[in-house]
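Novice: Submitted below is the structure of interest, expressed as structure tokens.
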Amino acid sequence: MAVLKVVNTFIELLEHIKTLYRQREMIGGVHGVHDGQTIYLVVDAMNSVEQADLT
Numbered sequence: 160m161a162v163l164k165v166v167n168t169f170i171e172l173l174e175h176i177k178t179l180y181r182q183r184e185m186i187g188g189v190h191g192v193h194d195g196q197t198i199y200l201v202v203d204a205m206n207s208v209e210q211a212d213l214t
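Residue numbering for the sequence shown follows my numbering, starting at 160 and increasing by one per position.
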């Protein structure tokens, strides 16, 4: 069973989750990233991965 973690901004994610987020180019709105143990939901909408890096 995976744990669900909701974060408000990209900056709150662990580094390996940020990497998955960038690789999948997940932008705009709420998105989830799963690392095999935890599902991370990012609430803050972003227009680009580059913008996510700035938050």
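Just so it is clear, CB atoms sit at the ideal spot from N, CA and C, and this is done for glycine as well.
Hey, how far is the Cα of Val162 from the Cα of Leu172?
Specialist: Here residue 162 refers to the residue found at position 3 when the sequence shown is read from its first residue. Here residue 172 refers to the residue found at position 13 when the sequence shown is read from its first residue. Approximately 14 angstroms between the Cα atoms of the pair.
Novice: Expressed to the nearest angstrom, what Euclidean distance is found between the alpha-carbon atoms of Thr168 and Val201?
Specialist: One-based indexing of the sequence shown puts residue 168 at position 9. One-based indexing of the sequence shown puts residue 201 at position 42. So the alpha carbons of these two residues sit roughly 6 angstroms apart.
Novice: Quick one: what does DSSP say Thr168 is sitting in, helix, strand or coil?
Specialist: Residue 168 sits at position 9 when you count from the first residue of the sequence shown. If DSSP states are grouped into helix, strand and coil, Thr168 belongs with coil.
Novice: For Ile176, count neighbouring C-beta atoms within 10 Å of its own C-beta (all shown protein chains included) and say buried if the count is 16 or more, exposed if not.
Specialist: Against the sequence shown, residue 176 aligns to sequence position 17. So Ile176 ends up on the buried side.
Novice: What number of angstroms, rounded off, separates the C-alpha of Thr178 from the C-alpha of Lys164?
Specialist: In the sequence shown, residue 178 corresponds to position 19, counting from 1. In the sequence shown, residue 164 corresponds to position 5, counting from 1. Computed Cα separation, rounded: 17 angstroms.
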